[in-house]
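**Student:**
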Amino acid sequence: MKKVISLLFVTFALATVGVSQNNNGPKKDVPVFKEISGLDVVKSIYPDAVAVEKNKGEWFNIVSSDKKVLGYCLSSKPYSDGIKGYNNTTPVIVITDKNKSIKKVAILSNWETAAYLKKLERQNFFNTWNGLKVTDAAKKKASADSYSGATFSANAISKNVEIILNKAAKN
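Note that the sequence shown covers residues 5 to 175 in the working numbering.
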């Protein structure tokens with residue numbers, strides 16, 4: 005009986021040590037799906053926007069309640085399935101003014117680690133294309149290697165931007 009109790013005690017002690025080591029070790033960021041509405045991103049630039057409507061090709065009109073076109077946007081979503089960041093796909097939205105100068109690039113719904121995306125924001129990665137005409141931005145390559153700590157995400161986002169800008173520049 006003493007052996008059984010001793011064996012149970014040792015087993016319990018080892019299990020407790022194992023659990024405590026797992027809880028005190030380095031914590032990994034667990035990927036969590038972050039849903040991001042394209043219209044919400046559009047409203048960050050055009051607060052009067054009420055809808056995004058299909059135009060031609062890859063282009064969408066950003067419209068107000070009186071159906072006035074405020075600007076345009078592009079989404080890489082139909083083309084982003086094979087482009088993976090650290091955790092999964094990284095679709096982007098590109099928002100332009102009426103002259104097709106880029107006002108904002110943002111990531112849409114994704115599984116990327118929030119801390120890495122915040123790092124890219126702090127390093128002004130998403131501003132790389134701002135102010136450029138779509139045709140000029142399509143020729144620009146963002147150097148993802150210069151954004152340390154989030155290279156997988158930066159590479160995937162850059163590829164998405166490049167694909168959608170190249171397609172849009174042809175229209």
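Even for Gly, the Cβ is constructed at its ideal location relative to N, Cα and C.
All values reported here derive from a predicted model rather than from experimental measurement.
Kindly indicate the opening and closing residues of the beta strand (DSSP E) around Thr100.
**Tutor:** First-last of the beta strand (DSSP E) with Thr100: Val96 to Thr100.
**Student:** How is Lys88 classed by DSSP in three states: helix, strand or coil?
**Tutor:** The answer is strand: DSSP assigns Lys88 an E or B state.
**Student:** Decide if Pro95 is buried, meaning its Cβ has at least 16 other Cβ atoms within 10 Å, or exposed.
**Tutor:** The residue is buried, with at least 16 neighbouring Cβ atoms inside 10 Å.
**Student:** Going by beta carbon distance, what residues of the same chain come within less than 6 angstroms of Ser79, once the five residues before and after it are set aside?
**Tutor:** The answer, listed in chain order, is Ile97.
**Student:** Can we say the segment 111-118 touches the segment 37-52, given the rule of at least three CB pairs closer than 8 angstroms?
**Tutor:** Cβ pair count under 8 angstroms is three or more, so yes.
**Student:** Return helix, strand or coil for Gly29, following the three-state DSSP convention.
**Tutor:** Note on Gly29: pLDDT 47, under 50, position unreliable in the model; the coordinate value appears next. It is coil, neither helix nor strand.
**Student:** Among Phe129, Trp133 and Ala173, whose alpha-carbon lies nearest the alpha-carbon of Ser157?
**Tutor:** Measuring from the Cα of Ser157, the nearest candidate turns out to be Phe129.
**Student:** What did DSSP end up calling Phe156 once you bin it into helix, strand or coil?
**Tutor:** Phe156: helix per DSSP, three-state reduction.
**Student:** Just reading off the alpha helix (DSSP H) that Tyr120 is part of, what are its end residues?
**Tutor:** Residues Ala118 to Arg126.
**Student:** Quick one: residues in its chain with C-beta nearer than 8 angstroms to the C-beta of Glu166, no 5 flanking neighbours on either side, listed in chain order?
**Tutor:** The residues are Ala142 and Lys145.
**Student:** Taking a contact to mean a Cβ-Cβ separation below 8 angstroms, would you say Asn91 touches Tyr76 in this structure?
**Tutor:** No, the pair does not count as a contact, with Cβ atoms beyond the cut-off.
**Student:** Between which two residues does the alpha helix (DSSP H) holding Gly135 run?
**Tutor:** That residue, Gly135, is in no alpha helix (DSSP H); it is neither H nor E in DSSP.
**Student:** Using the Cα positions of Val46 and Asp85, report the straight-line distance between them to the nearest angstrom.
**Tutor:** So the two alpha carbons sit approximately 22 angstroms from each other.
**Student:** DSSP three-state call for Ser162: helix, strand or coil?
**Tutor:** Three-state result, Ser162: helix.
**Student:** Report the residue from Val67, Asn103 and Ser48 whose alpha carbon sits nearest the alpha carbon of Glu57.
**Tutor:** Here the closest residue by C-alpha is Val67.
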